[in-house]
Structures are given as C-alpha cells and as structure tokens.
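Listed in order, the protein sequences are those of chains A and B.
Each residue of the first sequence is one higher than the one before, counting from 153 in my numbering.
Each residue of the second sequence is one higher than the one before, counting from 153 in my numbering.
Ideal Cβ positions, reconstructed from N, Cα and C, are used throughout, including at glycine.
Read the structure below first, then the notes.
Protein chains: 2
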Amino acid sequence: MTTAQYDVLGIGNAIFDILVRTDDVFLKTHGMTKGSMALIDEARAIAVYQAMGPATEISGGSAANTIVGVADFGARAAYIGKVKDDQIGKLYTHDIRAAKVAFDTAPAAGGPATGCSYILVTPDGERTMNTYLGAAQELTPADINAAKVAASSILYLEGYLWDPSSAKEAFVKAAAIAHDNKRMVALTLSDAFCVGRYRDEFLDLMRGNTVDLIFANEAELSSLYETDDFDKALAQLRQDVALGVVTRSEKGCVVANKDGVTAVPAFPVSKVVDTTGAGDLFAAGFLFGLVRGVHHEQAGRLGALAAAEVIQHIGARPQTSLKALAQKHGLPV
Amino acid sequence: MTTAQYDVLGIGNAIFDILVRTDDVFLKTHGMTKGSMALIDEARAIAVYQAMGPATEISGGSAANTIVGVADFGARAAYIGKVKDDQIGKLYTHDIRAAKVAFDTAPAAGGPATGCSYILVTPDGERTMNTYLGAAQELTPADINAAKVAASSILYLEGYLWDPSSAKEAFVKAAAIAHDNKRMVALTLSDAFCVGRYRDEFLDLMRGNTVDLIFANEAELSSLYETDDFDKALAQLRQDVALGVVTRSEKGCVVANKDGVTAVPAFPVSKVVDTTGAGDLFAAGFLFGLVRGVHHEQAGRLGALAAAEVIQHIGARPQTSLKALAQKHGLPV
Numbered sequence: 153m154t155t156a157q158y159d160v161l162g163i164g165n166a167i168f169d170i171l172v173r174t175d176d177v178f179l180k181t182h183g184m185t186k187g188s189m190a191l192i193d194e195a196r197a198i199a200v201y202q203a204m205g206p207a208t209e210i211s212g213g214s215a216a217n218t219i220v221g222v223a224d225f226g227a228r229a230a231y232i233g234k235v236k237d238d239q240i241g242k243l244y245t246h247d248i249r250a251a252k253v254a255f256d257t258a259p260a261a262g263g264p265a266t267g268c269s270y271i272l273v274t275p276d277g278e279r280t281m282n283t284y285l286g287a288a289q290e291l292t293p294a295d296i297n298a299a300k301v302a303a304s305s306i307l308y309l310e311g312y313l314w315d316p317s318s319a320k321e322a323f324v325k326a327a328a329i330a331h332d333n334k335r336m337v338a339l340t341l342s343d344a345f346c347v348g349r350y351r352d353e354f355l356d357l358m359r360g361n362t363v364d365l366i367f368a369n370e371a372e373l374s375s376l377y378e379t380d381d382f383d384k385a386l387a388q389l390r391q392d393v394a395l396g397v398v399t400r401s402e403k404g405c406v407v408a409n410k411d412g413v414t415a416v417p418a419f420p421v422s423k424v425v426d427t428t429g430a431g432d433l434f435a436a437g438f439l440f441g442l443v444r445g446v447h448h449e450q451a452g453r454l455g456a457l458a459a460a461e462v463i464q465h466i467g468a469r470p471q472t473s474l475k476a477l478a479q480k481h482g483l484p485v
Numbered sequence: 153m154t155t156a157q158y159d160v161l162g163i164g165n166a167i168f169d170i171l172v173r174t175d176d177v178f179l180k181t182h183g184m185t186k187g188s189m190a191l192i193d194e195a196r197a198i199a200v201y202q203a204m205g206p207a208t209e210i211s212g213g214s215a216a217n218t219i220v221g222v223a224d225f226g227a228r229a230a231y232i233g234k235v236k237d238d239q240i241g242k243l244y245t246h247d248i249r250a251a252k253v254a255f256d257t258a259p260a261a262g263g264p265a266t267g268c269s270y271i272l273v274t275p276d277g278e279r280t281m282n283t284y285l286g287a288a289q290e291l292t293p294a295d296i297n298a299a300k301v302a303a304s305s306i307l308y309l310e311g312y313l314w315d316p317s318s319a320k321e322a323f324v325k326a327a328a329i330a331h332d333n334k335r336m337v338a339l340t341l342s343d344a345f346c347v348g349r350y351r352d353e354f355l356d357l358m359r360g361n362t363v364d365l366i367f368a369n370e371a372e373l374s375s376l377y378e379t380d381d382f383d384k385a386l387a388q389l390r391q392d393v394a395l396g397v398v399t400r401s402e403k404g405c406v407v408a409n410k411d412g413v414t415a416v417p418a419f420p421v422s423k424v425v426d427t428t429g430a431g432d433l434f435a436a437g438f439l440f441g442l443v444r445g446v447h448h449e450q451a452g453r454l455g456a457l458a459a460a461e462v463i464q465h466i467g468a469r470p471q472t473s474l475k476a477l478a479q480k481h482g483l484p485v
C-alpha cells in the first residue's frame, strides 16, 4: 500500500438536479412514491418536467454529493462519473471541479444527454426523485482510472450504479483494484427500491467481502433483509459486513461492527426545507471522520452535522463551509 | 381600445442566471463593480465562470422576472424574449411557461447560446452581474407579435433592451403599437451604467411620450440626471414622464406624477440573502396594482412586498405565492 493521493474517490451516476417545490397531490396525480427514486425514460422525463412548476437547478448525483462534501470538509477528493459534452454536462463539470474535486472522466461525445433528476419537494421537506440516467448509462470499465483508484484511501460507490449495466462492471473493476491495493471499499445502498432490485447482488458484495463498509437508511436496511425488525436487521448487517452505518433521520444513526453498536444523535434542525442529499452528506461527514482517523462516534457526529446543513436549503450540495461548521461545533477537521 | 387579453406584456433580454455566493475580494480580483450589471463577451464569460465556485441556476432576465411576478400575483401575463433552441433555452422556456406566462417567441435555431448572467452574491446580499447576452441579441422587430402587444393593457420594457441593436428596434416597434392601441408603456431604467450608455435616448423616450411610466432606483435616477441631489432629480422626473416610481432600497419608494409625490415604506426583512431581482419584483407588484386599479400607495406596497420576498432567497423568481402573501398582508389581489 503506497501513500494515498486522494482520501476518498467516489464513483456514481452523474446527475443534474432539477428541483421544484410541489404538494402531495402532485405526487399522487403523477403516480409517484413519496421519498423514493424512480428511474424514468426520456418520454416520462418530458412529461414529468412539463407538469412541474418553475425549477431551480443544482448539480447532484448521490456519490458526487458525498464527494463534494468530503472536499468541503477539507479532504482530498476525486470523482468518476459520466456526463455528455452538452450544456448541462458543462455546468455539472464546472460545479464539481469548483468544489475542489478532481474530476476528469471523459464526457460522452454522442448518445443521450447528461442525466437529470426531476425532484419534487413537498412542504414537509421530503424529496421524490424521478431520474433520467441519460449519459450516466455510458459509464464503462474503461472510465475507471486504475491508478486513481489505487491511489485513493477509500473507494466510495453508490448502489444506483447497479442500474446501468456497464456501470456495474465499472463498479466491480474499481472495487477489485481498490482491494488489490489494500484500500477500503464503501457502498451506499442508495434507495429501498434499488435494494429491492439488487438485494441478492448487494448481499453477495457484502458477504464476499467486496465491500467493507455499508451506508444504509432504515428503509434500505429493512428492504435488504426483508424485515421491519430493526434490531434483527442490524444484527444481520453486523454479520455481513465489517462496518455498517445506518441512518435513522431525526433519531440519528448507529455505527455497527462485530465489536458493538454505537448510537449517535442527529443535530437538531429548526426547519427541514429539502431532504435531498441528506444521506449523501451524512456519508461525506462519516467518511471524512474515517479519513481523519477519529472514532466512530465522532465520525457519526460529522455525518450528522453535514446532513443537518444540507436539509436546511434546496439542493444536495453544501451551501455553508462544512469545515467551518465542524470547527464551530468543536468537531475534528 | 379593445378589451385586453393580457394585463401586462413584458419584453426583455431572456437570461439564465448562474448564481454563486462569493466575497468582496473575488469582485475586486476580477475587476467587477459591485451592484452593477456588466456586459461580457464569450471569452470573459468563460473566464468568469471558471473562476466562480459551485453555482445554482435559476431562470432570470429583468423583464421576465417582473412578468413572472405579475403572473404570480394572479394577473394575465405574457413575455417576448429570445433564447436559443439549446438545453438552457429549454430550461428557460419551461420555467416561464410553468409560471403561467404566455411565451411563444421562436427560439433561435443557430447563432450564440442562450444568454447567461454570472451573478456573484456577496455576504451582504448584494449581487454583481456579468451578462453574456448570447441569443438575446437575436431579438428583432419580427419577434414582436403586434396582435399580442395591441391586446395587452400595459407594455413593460427593460432599458437593457437598448444594448442589442435589433432589440432596440423591437422595443420601438412595440411601443408604437401599444400607443396606437391606447395602451400604457412602462420602462425600467435597468442599471445605472445602462443609463450612462443611453441617457439621451432614454430622456428622448420620456420627453417624446414614448413611455408613460418609468421605474428607476436612486442610482439610475442619479445617472439619468447626472446629479446626486435626489429632490432635484425627482422634480425633473416629474416633468419628463407622466408617472415615475423610484425605489430606494430599505427606504421604500416614491411614486411621482404631476399632481404630487407619494412615499411608500419598504417591508421589513430579517435577512437580505440576495438582492437579485429586487427591482424587477418591485415593478411586478406595482404593475399588478395598476392592473387592479388601486391607488399608488397600495401599488407601491404591493411592489415593496414582492421585493421583500425575492431578496430573502437566492434567485430572482418568487418562491412563495405572491398572491397568498398579499392576502396575508391585507393587500388587494
């Protein structure tokens, strides 16, 4: 294992977010499942967009949001994801580079447009996502820069990568390179429906030690083990993966490994504006904690802090310096 | 004069806003004049964008913001402005139509990209704009739908239209059609530097009765009459135009005509986040008041209310229902 050039390298579906405030009636009228991520084709994307009110656009993508958060805390971060060489792809590329993330995946010259997620935010702050993968589907193993993966302390992957088939191959290739170089491989389960689609494969990744760290929320954990019994699911998670972190919204999170379980409270938030990116930013804080070598309780606190920041405004990228925020709260940076 | 189909028709440069929080050092380093709008070419746009941090994108354009505000209050609104048939043009078109504004200007098939303004927002909430006009320069008299102008009670024009030469011709054509149909023509002076570029022409428009109503802020009024003496400038304004409305930031506004001057206070705001669109939304509220036939003091209150809403968040389009807000404050809708 050589000295790392990057603390965390993320791989994910590069997605531009088109966010609009709406109400529950809209979700119902358009057959959307509140709080979930639905994959949509171009025709559905056009129909959903046409029905939506005026929007705000902010770069997104689950792993990308996490990596931007990691960089914002002050760690060295890199990202691999596919956009098209179109106007939205250029906005996306600008934003992630401007966030001090190393990003040089070649954009697709042809094929579908840069991926977009049409995100409906209800008055309770919950977000419902309709994702058109577009160019994100074009990510292939050839996009995995082996030297970059080998030179990153932690490889962070999103479960959503399992949707586009060539991205899945890229995922597997990257994980193998990381482990060959004695790096840590982390995976977020992404979405309960995503877990439903790939339950057995995700369990294989965990039980076969392809991943060392799992991030999940309660719904994803419940979907993974097909049980509503949280304690039972958590016990299974502890058997299946070296380190598991389960976020529980306002109840905080639990960090679990073979040695035990640590519960960490959430940061109080006066008003939840938009939960988009809450899990992504939690992962950013936790990963940053691992990078700095703090104990799990403090890593959980860093995660909770970043999640609290991102749910207080529209969009899944931090709008306040996470580093300054951590310092203000006496957390390690 | 036939019955109006639209209450207000706006014509302006259709501009997509790319907003980023920054500090005063950035403005200084890049030679920007705080609070102003600078026209930039494509090379400068690329350089400014590259230097900027991660951004948020929201449709903008001065007159378009006003028209969206008018529609949000509940009036019948239409807009004429030029985008290109590109990705950003499609986002722009979606947003203005989703705001219930009639918009059917043919997008440019070739030529420069949809116009963008790179907007730097400093911690004090002030915005500094760098505008690449792009496709907005392609607006020509042929884009002026004479029937639509004739069927609109108020024609609202922005001084920025004086920058692209063919847009200026479109402006003059529209104003003539409006007056031929006994409609009111309103003009916002847009920006103190814009006034500096076209002072004599703007004064000719006023003194020649091409415009009936002028919106200006203190800096624009001062530039128009080349004096820092507010009272002297206001007295001149009252001579030069039938109705003049001058906004004075936290001091509110004054509405002036030959009969007298009415001062209207601003709405108190707890924190100014981003002043982008403050003048535009003031004009929206005032125009809506005219549409509803209320007296000038109440029209000024409606303007102040809309301006207060828009400066409390990022972006120049309302994020709260202006109609509901007016009702809450006991103002006419």
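Secondary structure of residue i, DSSP reduced to three states
{"i": "A460/B", "result": "helix"}
{"i": "K480/B", "result": "helix"}
{"i": "D343/B", "result": "coil"}
{"i": "N493/B", "result": "In the structure as shown, chain B starts at 153 and stops at 485, and residue 493/B therefore has no counterpart that could be examined."}
{"i": "G467/B", "result": "coil"}
{"i": "V301/B", "result": "helix"}
{"i": "A258/B", "result": "coil"}
{"i": "D159/A", "result": "strand"}
{"i": "A199/A", "result": "helix"}
{"i": "A418/B", "result": "coil"}
{"i": "G286/B", "result": "helix"}
{"i": "M358/B", "result": "helix"}
{"i": "G404/A", "result": "coil"}
{"i": "G348/A", "result": "helix"}
{"i": "G455/A", "result": "helix"}
Beta-carbon contacts of residue i that lie in its chain and below 8 Å, excluding the five residues immediately before and after
{"i": "K475/A", "result": "D224, F225, G226, V485"}
{"i": "L386/B", "result": "L373, G396, V398, V406, A408, V413"}
{"i": "G268/B", "result": "Residue 268/B is actually Cys in this sequence, not Gly. Closer than 8 Å at the Cβ level, and outside the excluded window around C268/B, lie I167, F168, D169, I170, A197, I240, T283, Y284, G286."}
{"i": "D295/B", "result": "I232, K234, T257, A258, A322"}
{"i": "R351/A", "result": "S375, L376, E378"}
Beta-carbon neighbours of residue i, restricted to chain B and to distances below 9 Å
{"i": "T427/A", "result": "Neighbours of T427/A on chain B: none; closest Cβ ~17 Å, over 9 Å."}
{"i": "L272/A", "result": "Result: empty, since nearest Cβ-Cβ is about 13 Å, beyond 9 Å."}
Amino acids of chain A, ordered along the chain, whose beta-carbon sits closer than 8 Å to that of residue i
{"i": "S95/B", "result": "Missing from the structure shown is residue 95/B; chain B here goes from 153 to 485 and no further."}
{"i": "R469/B", "result": "P206"}
{"i": "L285/B", "result": "Correct list: empty, because the minimum Cβ distance to chain A is about 16 Å."}
Sequence-distant residues of the same chain with beta carbon closer than 6 Å to residue i, five excluded per side
{"i": "G205/A", "result": "V172"}
{"i": "A368/B", "result": "L341, V398"}
{"i": "A459/A", "result": "A430, L433, F434"}
{"i": "Q391/A", "result": "none"}
Neighbouring residues, chain B, relative to residue i (Cβ below 8 Å)
{"i": "A458/A", "result": "None at all; the shortest Cβ gap to chain B is about 15 Å."}
Interface residues of chain B facing residue i [CB-CB closer than 7 Å]
{"i": "D247/A", "result": "P206, A207"}
{"i": "A250/A", "result": "M204, G205, P206"}
Chain-ordered neighbours of residue i on chain A, where CB pairs are closer than 7 Å
{"i": "I240/B", "result": "Q239"}
{"i": "Y486/B", "result": "Any question about residue 486/B goes unanswered here, given that chain B covers just 153 to 485."}
{"i": "L243/B", "result": "E209"}
Span of the alpha helix (DSSP H), counted from its first residue to its last, around residue i
{"i": "F434/A", "result": "430–444"}
{"i": "V485/A", "result": "Premise fails: V485/A is in no alpha helix (DSSP H) and is neither H nor E."}
{"i": "D392/A", "result": "382–392"}
{"i": "V324/A", "result": "317–332"}
Residue(s) in a DSSP beta bridge with residue i
{"i": "I248/B", "result": "I248/B is not bridged to any residue."}
{"i": "F168/B", "result": "S211/B, C268/B"}
{"i": "R173/A", "result": "V273/A"}
{"i": "F367/A", "result": "T340/A, V397/A"}
{"i": "I296/B", "result": "DSSP output for I296/B lists no bridge partner at all."}
{"i": "R335/A", "result": "Answer is none; R335/A lacks a bridge partner."}
{"i": "I192/B", "result": "In DSSP, I192/B forms no bridge with anything."}
{"i": "E310/A", "result": "T340/A"}
Residue interval of the beta strand (DSSP E) (run including residue i)
{"i": "A230/B", "result": "229–232"}
{"i": "T181/B", "result": "No beta strand (DSSP E) contains T181/B, which is instead part of the alpha helix (DSSP H) from 176–181."}
{"i": "V235/B", "result": "Per DSSP, V235/B belongs to no beta strand (DSSP E) and is neither H nor E."}
7 Å Cβ shell around residue i - same chain, five flanking residues per side excluded
{"i": "Y216/A", "result": "According to the sequence shown, residue 216/A is Ala rather than Tyr. Excluding positions up to five away in sequence, the list reads G162, G164, A166, Y231, G233, I248."}
{"i": "F438/B", "result": "V397, A451, G452, L454, G455"}
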